[in-house]
Amino acid sequence: MNSDLYLYRARLRKEKHQEYLRLQRLRKQKEREEKRLHTQKAIETALKIAVNVTITLVAGLSIKQMLPYHLTQQARLREIEAEIALIKPRVEKLEEEFAETFDPKLARKIIEKNSYKVEPDSRPVFFLNQNK
3 MNSDLYLYRA RLRKEKHQEY LRLQRLRKQK EREEKRLHTQ KAIETALKIA VNVTITLVAG
63 LSIKQMLPYH LTQQARLREI EAEIALIKPR VEKLEEEFAE TFDPKLARKI IEKNSYKVEP
123 DSRPVFFLNQ NK
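Counting from 3, one number per residue, gives the positions in the sequence shown under our numbering.
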């Protein structure tokens, strides 16, 4: 009976030890898996940072290269706006004259203004200087 008890206890110890080893293996396996996942996340994060830094550098260099062109275009725009401001009164005058060209009430005056034709029943008027 003692020997059976001894064998029973030995078997229990062996089973407990095997269970302990199995749990240790599972814990180590889980730790390795977590470590692998953390490494993958670290690599992914590092790559994201590298890509974002690269994009930022490319954008900065592009802005640096485009800035002189932008300033030149702004100067040209100011130049053109100044020319437009000078020409605008003349354009308004020409638009007004153009509108008058198609006014039927003013057609005779325009004909007289642009040619030597005068209405036959009109008389020339001469102003004399009275001070002499």
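Ideal Cβ placement from N, Cα and C applies to all residues, glycine included.
Do you know offhand how far Arg110's Cα is from Phe100's? For the purposes of this step, residue 110 is taken as residue 108 along the sequence shown, with counting starting at 1. For the purposes of this step, residue 100 is taken as residue 98 along the sequence shown, with counting starting at 1. Their Cα atoms are separated by approximately 15 Å.
- Query: Anyone know if the C-beta pair for Ile112 and Glu102 falls short of 9 Å?
  - Reply: Mapped onto the sequence shown, residue 112 falls at position 110. Mapped onto the sequence shown, residue 102 falls at position 100. A contact, by the Cβ cut-off of 9 Å.
Straight-line gap, Lys32 to Lys43 (C-alpha atoms, nearest Å):
On the sequence shown, position 30 is the one that residue 32 refers to. On the sequence shown, position 41 is the one that residue 43 refers to. Taking the straight line joining both Cα atoms gives about 16 Å.
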